[in-house]
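Q:
There are 2 protein chains.
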Amino acid sequence: MQEQPFPDTSSRESTDTGGGLDYSAFGARLEVPAINRLMSIPSEQPEVLSLAAGFTDNAVLPHELVSDVVARLCREGSPKDALQYGTTQGRKGLRDLTARFVASYEGEKPEAILADRTFITNGSQQALFLAMRVLCDPGDVVFVENPTYFVFLSMLQGMGVEPVGIPVTEDGSIDGAAFDALLRRMEVDGRKARTKAVYVMGYYANPSSRCMSLEDKIVLARTLRTHRMRIPVIEDAAYRELAFGRPWSVPGVLSLDAFEGFPLLYLGTYTKPFATGLKVGYGITNHTEWMQKMLFAKGNQDFGSAHFPQAIVAQVLRDGLYPGFVRDLGLHYGAKAGLLDSVLRAEGLDRMGWRWARPEGGLLFWLKAPAGVDTREGSGFYQACLKHQVIYVPGNLCFANGSPSEYIRLSIGALPNEKLEEAARRLCDAARNL
Amino acid sequence: MQEQPFPDTSSRESTDTGGGLDYSAFGARLEVPAINRLMSIPSEQPEVLSLAAGFTDNAVLPHELVSDVVARLCREGSPKDALQYGTTQGRKGLRDLTARFVASYEGEKPEAILADRTFITNGSQQALFLAMRVLCDPGDVVFVENPTYFVFLSMLQGMGVEPVGIPVTEDGSIDGAAFDALLRRMEVDGRKARTKAVYVMGYYANPSSRCMSLEDKIVLARTLRTHRMRIPVIEDAAYRELAFGRPWSVPGVLSLDAFEGFPLLYLGTYTKPFATGLKVGYGITNHTEWMQKMLFAKGNQDFGSAHFPQAIVAQVLRDGLYPGFVRDLGLHYGAKAGLLDSVLRAEGLDRMGWRWARPEGGLLFWLKAPAGVDTREGSGFYQACLKHQVIYVPGNLCFANGSPSEYIRLSIGALPNEKLEEAARRLCDAARNL
Numbered sequence: 414m415q416e417q418p419f420p421d422t423s424s425r426e427s428t429d430t431g432g433g434l435d436y437s438a439f440g441a442r443l444e445v446p447a448i449n450r451l452m453s454i455p456s457e458q459p460e461v462l463s464l465a466a467g468f469t470d471n472a473v474l475p476h477e478l479v480s481d482v483v484a485r486l487c488r489e490g491s492p493k494d495a496l497q498y499g500t501t502q503g504r505k506g507l508r509d510l511t512a513r514f515v516a517s518y519e520g521e522k523p524e525a526i527l528a529d530r531t532f533i534t535n536g537s538q539q540a541l542f543l544a545m546r547v548l549c550d551p552g553d554v555v556f557v558e559n560p561t562y563f564v565f566l567s568m569l570q571g572m573g574v575e576p577v578g579i580p581v582t583e584d585g586s587i588d589g590a591a592f593d594a595l596l597r598r599m600e601v602d603g604r605k606a607r608t609k610a611v612y613v614m615g616y617y618a619n620p621s622s623r624c625m626s627l628e629d630k631i632v633l634a635r636t637l638r639t640h641r642m643r644i645p646v647i648e649d650a651a652y653r654e655l656a657f658g659r660p661w662s663v664p665g666v667l668s669l670d671a672f673e674g675f676p677l678l679y680l681g682t683y684t685k686p687f688a689t690g691l692k693v694g695y696g697i698t699n700h701t702e703w704m705q706k707m708l709f710a711k712g713n714q715d716f717g718s719a720h721f722p723q724a725i726v727a728q729v730l731r732d733g734l735y736p737g738f739v740r741d742l743g744l745h746y747g748a749k750a751g752l753l754d755s756v757l758r759a760e761g762l763d764r765m766g767w768r769w770a771r772p773e774g775g776l777l778f779w780l781k782a783p784a785g786v787d788t789r790e791g792s793g794f795y796q797a798c799l800k801h802q803v804i805y806v807p808g809n810l811c812f813a814n815g816s817p818s819e820y821i822r823l824s825i826g827a828l829p830n831e832k833l834e835e836a837a838r839r840l841c842d843a844a845r846n847l
Numbered sequence: 414m415q416e417q418p419f420p421d422t423s424s425r426e427s428t429d430t431g432g433g434l435d436y437s438a439f440g441a442r443l444e445v446p447a448i449n450r451l452m453s454i455p456s457e458q459p460e461v462l463s464l465a466a467g468f469t470d471n472a473v474l475p476h477e478l479v480s481d482v483v484a485r486l487c488r489e490g491s492p493k494d495a496l497q498y499g500t501t502q503g504r505k506g507l508r509d510l511t512a513r514f515v516a517s518y519e520g521e522k523p524e525a526i527l528a529d530r531t532f533i534t535n536g537s538q539q540a541l542f543l544a545m546r547v548l549c550d551p552g553d554v555v556f557v558e559n560p561t562y563f564v565f566l567s568m569l570q571g572m573g574v575e576p577v578g579i580p581v582t583e584d585g586s587i588d589g590a591a592f593d594a595l596l597r598r599m600e601v602d603g604r605k606a607r608t609k610a611v612y613v614m615g616y617y618a619n620p621s622s623r624c625m626s627l628e629d630k631i632v633l634a635r636t637l638r639t640h641r642m643r644i645p646v647i648e649d650a651a652y653r654e655l656a657f658g659r660p661w662s663v664p665g666v667l668s669l670d671a672f673e674g675f676p677l678l679y680l681g682t683y684t685k686p687f688a689t690g691l692k693v694g695y696g697i698t699n700h701t702e703w704m705q706k707m708l709f710a711k712g713n714q715d716f717g718s719a720h721f722p723q724a725i726v727a728q729v730l731r732d733g734l735y736p737g738f739v740r741d742l743g744l745h746y747g748a749k750a751g752l753l754d755s756v757l758r759a760e761g762l763d764r765m766g767w768r769w770a771r772p773e774g775g776l777l778f779w780l781k782a783p784a785g786v787d788t789r790e791g792s793g794f795y796q797a798c799l800k801h802q803v804i805y806v807p808g809n810l811c812f813a814n815g816s817p818s819e820y821i822r823l824s825i826g827a828l829p830n831e832k833l834e835e836a837a838r839r840l841c842d843a844a845r846n847l
């Protein structure tokens, strides 16, 4: 029993001054994200197993490593700066080591990945927010993959910005001809002129776990160039380090000649591949003025991210421990992905008409239900899963226009193996008894 | 020499894709804050001593305490959640302990300070940003003290929101009659209807180091009420814990009957009074709906602050160590304030016509120059100080309309005693040789 140094106030009554506030247009647009309802289910019903949450696996969080690094950072005689304020752009040593780390991937051009165009954020999410905030007004348009990261869609909704899906073929590749036709239509309806950016995930995308091929990236750049749209291209590489085997060999947009002349922003993070609790993300750009705008916005917002987590990550990188750490992590998640895949197959989910590709990195499975099965919140399948005490992310939340409605996203991150197996069996039971 | 695991890219050349981006209205409004130029001087000219920077004193950062707490949080057998994601609202244990801590101040009403209306942010700055973002559109108005926190003015400038100073008397108290007259004028010119919030600092304000009296707070509430303006009142208490002796005895707005029926937001932090590198701040409100809006906005922005620093602070609170820590910290800064005050007097700055009150808490001195001395960036006094290798914050940056121009802000936070003495002597030399 811990000492309670202050009087307990949590159970007291108080008067809530409710309603009636005059919100900004932004405030008025903010609604309960559908995902919030979903994510709150396990805390209210602890017997429910969540394949929805994007948490990482507690078993592979670097507790000893962080404890050791902190002891060294705080030791008598160390530079006394880890617990002091940093700068808005972020710790210099971390920016140096981050640029070197990203540049160390096969095919990357070190001269395109510079520490002085790198900035540290509260997870890569904040870099994405800053990018949108300085580029987009209400009524503007942003191109996204379809499906895409649902929190990004929620962010755009709050900003009054319209997401438009980049057309893809059946296998998920960018469909250059359809994209070209779409851009012609958008020129006519006026949306082309309002299009401010393109947002793509090049590596083990959320939710599809797909990687972009070199051809995908070239088609994207070429089609935009054909339409004289040299708009900012944002590549979210949040899952890049989580390769189950060899890292995906296609370089990021910063290093590709195809994107010469485009304002570019590459987003990475130490959150998922190292420690979610440290929440250290980063952006690397080729456009100094855009970065300055994002940093001024960040200055207004928080005056720089917490410096202590940055110092911890920088030390791990400096010690040369990071590449090995993420390699082991990829093996760990690869084994979990193999487990989930084999349970789903052993339970016969494929024979029930469900389709999925076993991912080669990341934390997510993206499954397509058989024709006629609706997976949306409140649907028959959703209710069946709740009855079997398992939850997933309904795929429609990940599409720019909220449909199609036959996909689900499963995460291998949070649950330990035995619970992951059990959750997979429950999901298959729900599918079987539908 | 540390191992360098990645190729060094920092010195390579690269092509910057410059200019020409189509920024949002927000992005277009973002300019180099005047303060950025100032703050960059010491890194470019290391011989310059900065009385400008708002850093805290490295000597009293809790290195041993944090190292000890981290070792316990990461130890085998501990709950494995400190390095995992938290929630957008923030760690439950920290919110509980924070509400209890704030409620433990003399005169506070525990039933008005609730953990479930407390949310954790990246410093109290982010809570302020979120509050403004969900309340204010361009063209709106916010009341501020005059002088006020200059970063807040920069934030409003970016948002296109007009700061209007609350009229005060010679001694800095709120001038109820003048405030009343101002509100009448603003009713006529239409600005009253656009006024969305009031922002005040109740404890050792930045930059004035003034505390609000009970009378100040009552006059504020009564005047607004007379004009039927039940608008949100935001009290920034970032320096409250830094009392050099007995804490200021006036309760926060949440506990005052005078503010019954107003939407209220109290901002606090563990940044300045514990560790700036952890950057853990918080907001406590009486208005659930407003908080939900701020949390949705935070969800879009960063999906929750870094969880590990929260776990560290929570453990320090749980161990009962925090009240003693801030008491000792207040004594430390009180001694530094005494030192600065005595050097300025020994050097005869008061006899040169400068006026200041020795603060009773916080990190700042607010000095008024003799008539005719302009302290703005580039002024004669400013140049003299640069020549004597010392810098300060020009006071005009802290006023809603950029004037008057005869104040300066000095910080006792960052410099160790001998450098603080030296900086004070240089400042007095500059004043003397003007």
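From first to last, the protein sequence lines are chains A and B.
736 is the number that the numbering used here gives to position 323 of the first sequence; each next residue is one higher, with no gaps.
689 is the number that the numbering used here gives to position 276 of the second sequence; each next residue is one higher, with no gaps.
Note that CB positions come from ideal geometry on N, CA and C, so glycine has one too.
Source: prediction; values computed, not measured.
Can you list, in chain order, the residues of its chain whose CB lies under 7 Å from that of B:ASP435, leaving out five sequence neighbours each side?
A: What you label residue 435 of chain B is simply residue 22 of the second sequence in a count that begins at 1. Nothing listed; no residue qualifies.
Q: Verify the CB distance criterion: does B:GLY658 have a CB-CB separation below 8 Å to chain A?
A: In the second sequence, counting from the first residue as 1, residue 658 of chain B sits at position 245. For B:GLY658, the answer is no, since every Cβ of chain A falls outside 8 Å of its Cβ.
Q: Using the rule of at least 16 other Cβ atoms within 10 Å of the residue's Cβ for burial, across every protein chain shown, is B:LYS858 buried or exposed?
A: Outside the modelled stretch of chain B, which goes from 414 to 847, sits residue 858 of chain B, for which no answer is possible.
Q: Taking C-beta to C-beta, are B:SER824 and B:GLY467 nearer than 8 Å?
A: Residue mapping note: residue 824 of chain B aligns to position 411 of the second sequence, counting from 1. Residue mapping note: residue 467 of chain B aligns to position 54 of the second sequence, counting from 1. Yes, these two residues count as a Cβ contact at 8 Å.
Q: Chain B beta carbons: is any one of them nearer than 8 Å to that of A:GLN458?
A: Here residue 458 of chain A corresponds to residue number 45 of the first sequence, with the count starting at 1. Closer than 8 Å: no.
Q: Could you say which of A:TYR498, A:GLU834 and A:GLU521 lies nearest to A:LEU757 if we only look at CA atoms?
A: Counted from its first residue, the first sequence places residue 757 of chain A at position 344. Answer by Cα proximity: A:GLU834.
Q: Look up A:TYR695 in the DSSP assignment and give the residues it is bridged to.
A: Residue mapping note: residue 695 of chain A aligns to position 282 of the first sequence, counting from 1. Partner(s): A:ILE533 and A:GLY681.
Q: Using a Cβ-Cβ cut-off of 6 Å (strictly less than) and excluding sequence neighbours within five positions of A:ALA525, which residues of its own chain qualify?
A: Position 112 of the first sequence, counted from the first residue, corresponds to residue 525 of chain A. The answer, listed in chain order, is LEU667 and SER668.
Q: Would you identify the three-state DSSP class for B:TYR612, choosing helix, strand or coil?
A: Your numbering for residue 612 of chain B matches position 199 in the second sequence. Note: B:TYR612 maps to strand in three-state DSSP.
Q: Just the Cα atoms here: how many angstroms apart are A:LEU753 and A:ILE804?
A: Within the first sequence, residue 753 of chain A is the residue found at index 340, counting from 1. Within the first sequence, residue 804 of chain A is the residue found at index 391, counting from 1. Roughly 15 Å between the two C-alpha positions.
Q: If you count every other CB in all the chains shown that lies within 10 Å of the CB of A:LEU474, and 16 or more means buried, which is it?
A: Counting from 1 along the first sequence, the entry for residue 474 of chain A is found at position 61. Burial call: buried.
Q: Which residue spans inside the region 815 to 841 of chain B form an unbroken beta strand (DSSP E) run of at least 3?
A: Segments of the beta strand (DSSP E) lying fully in the region 815 to 841 of chain B: 820 to 824.
Q: For B:PHE672, report the span of its beta strand (DSSP E) as first-last.
A: By one-based count along the second sequence, residue 672 of chain B stands at place 259. Element bounds for B:PHE672: n/a, residue is neither H nor E.
Q: Do B:THR698 and B:LEU678 have their CB atoms nearer than 8 Å?
A: Here residue 698 of chain B refers to the residue found at position 285 when the second sequence is read from its first residue. Here residue 678 of chain B refers to the residue found at position 265 when the second sequence is read from its first residue. Yes.
Q: In whole angstroms, what is the alpha-carbon distance linking B:PRO580 and B:LYS781?
A: Your numbering for residue 580 of chain B matches position 167 in the second sequence. Your numbering for residue 781 of chain B matches position 368 in the second sequence. Answer to the nearest angstrom: the Cα atoms are 18 Å apart.
Q: Interface residues of chain B around A:CYS549 at Cβ under 8 Å?
A: One-based indexing of the first sequence puts residue 549 of chain A at position 136. Residues of chain B passing the Cβ test: SER437.
Q: Establish whether the CB of A:ASP842 and some CB of chain B are separated by less than 8 Å.
A: Residue numbering aside, residue 842 of chain A sits at position 429 when the first sequence is read from its first letter. Not one chain B Cβ lies under 8 Å of A:ASP842.
Q: Excluding sequence positions up to five away, which residues of its chain have a Cβ less than 8 Å from the Cβ of A:ALA540?
A: Here residue 540 of chain A refers to the residue found at position 127 of the first sequence. PHE532, THR534, LEU678, LEU680, GLY694, TYR695, GLY696 and MET707.
Q: Counting along the chain, where does the alpha helix (DSSP H) carrying B:VAL515 start and finish?
A: In the second sequence, residue 515 of chain B corresponds to position 102, counting from 1. It spans 505 to 516 - the alpha helix (DSSP H) in which B:VAL515 sits, taken as one unbroken run.
Q: Please confirm whether A:LEU776 and A:LYS711 have their CB atoms less than 8 Å apart.
A: Counted from its first residue, the first sequence places residue 776 of chain A at position 363. Counted from its first residue, the first sequence places residue 711 of chain A at position 298. No, the Cβ-Cβ distance between A:LEU776 and A:LYS711 is not below 8 Å.
Q: Residues of the region 519 to 536 of chain B with a CB closer than 9 Å to any CB of chain A: list them in chain order, please.
A: Against chain A - using a Cβ distance shorter than 9 Å - the residues of the region 519 to 536 of chain B are LYS522, PRO523, GLU524, ALA525, ILE526, LEU527, ALA528, ASP529, ARG530, THR534, ASN535 and GLY536.
Q: Report all residues from its chain with a CB closer than 6 Å to the CB of A:PRO807; omit the five preceding and five following residues, and keep chain order.
A: Locating residue 807 of chain A in the first sequence gives position 394, counting from the first residue. Counting only Cβ-Cβ distances below 6 Å, and skipping sequence neighbours, we find THR788, ARG789 and GLU790.
Q: Check each candidate in B:GLU558, B:LEU847 and B:GLY506 and name the one with the smallest Cα separation from B:TYR616.
A: Along the second sequence, read from residue 1 onward, the residue named residue 616 of chain B stands at position 203. Taking only the C-alpha atoms, the option nearest B:TYR616 is B:GLU558.
Q: Could you tell me which of B:ASP509, B:VAL786 and B:PHE565 sits nearest to B:ALA618, measuring between CA atoms?
A: The residue given as residue 618 of chain B occupies position 205 in the second sequence. Ranking the options by Cα distance to B:ALA618, first place goes to B:PHE565.
Q: Look at the alpha carbon of B:PRO492 and the alpha carbon of A:ASN846, and state the distance between them as a whole number of angstroms.
A: For this step, residue 492 of chain B is matched to residue 79 along the second sequence. For this step, residue 846 of chain A is matched to residue 433 along the first sequence. If you take the alpha carbons of B:PRO492 and A:ASN846, they lie about 37 Å apart.
Q: Suppose the cutoff is 6 Å on Cβ atoms and the five residues either side in sequence are ignored; what does the same chain contact list for B:LEU691 look like?
A: One-based indexing of the second sequence puts residue 691 of chain B at position 278. Here the set comprises PRO722.
Q: With A:PRO660 as the anchor, note down where its alpha helix (DSSP H) starts and where it stops.
A: Counted from its first residue, the first sequence places residue 660 of chain A at position 247. Premise fails: A:PRO660 is in no alpha helix (DSSP H) and is neither H nor E.
Q: Going by DSSP, what residue range makes up the beta strand (DSSP E) through B:PHE738?
A: As a working mapping, residue 738 of chain B is identified with position 325 in the second sequence. Segment 735 to 759 is the alpha helix (DSSP H) holding B:PHE738; no beta strand (DSSP E) there.
Q: So for B:PRO722, helix, strand or coil by DSSP?
A: Numbered from its first residue, the second sequence carries residue 722 of chain B at position 309. The answer is helix: DSSP assigns B:PRO722 an H, G or I state.
Q: Identify every residue that forms a DSSP beta bridge with B:LEU730.
A: Numbered from its first residue, the second sequence carries residue 730 of chain B at position 317. BP columns for B:LEU730 are empty, so no partner.
Q: Tell me the DSSP secondary structure of B:ILE647 in three-state form.
A: Walking along the second sequence from the start, residue 647 of chain B turns up at place 234. It is a strand residue.
Q: Do the region 763 to 771 of chain B and the region 535 to 555 of chain B make contact, defined as three or more Cβ pairs closer than 8 Å?
A: Judged by Cβ distances under 8 Å, the region 763 to 771 of chain B makes no contact with the region 535 to 555 of chain B, as fewer than three pairs qualify.
Q: What does B:VAL804 pair with, by DSSP beta-bridge criteria?
A: Counting from one through the second sequence, the residue named residue 804 of chain B turns up at place 391. A small correction: the amino acid at residue 804 of chain B is Ile; Val does not occupy that position in the sequence shown. According to DSSP, B:ILE804 bridges with B:SER463.
Q: Quick one, which of A:ILE821, A:THR689, A:ASP715 and A:HIS801 has its alpha-carbon nearest B:TYR498's?
A: Residue numbering aside, residue 498 of chain B sits at position 85 when the second sequence is read from its first letter. Checking every option, the nearest Cα to that of B:TYR498 belongs to A:THR689.
Q: With H, G and I counted as helix, E and B as strand and the rest as coil, what does DSSP make of B:ASN846?
A: Here residue 846 of chain B is taken as the residue at index 433 of the second sequence, counted from 1. If DSSP states are grouped into helix, strand and coil, B:ASN846 belongs with coil.
Q: For A:MET414, which of helix, strand or coil comes out of DSSP?
A: Walking along the first sequence from the start, residue 414 of chain A turns up at place 1. With a pLDDT of 36 at A:MET414, under the threshold of 50, the predicted position of this residue should be treated as unreliable, though the coordinate-derived value follows. Three-state result, A:MET414: coil.
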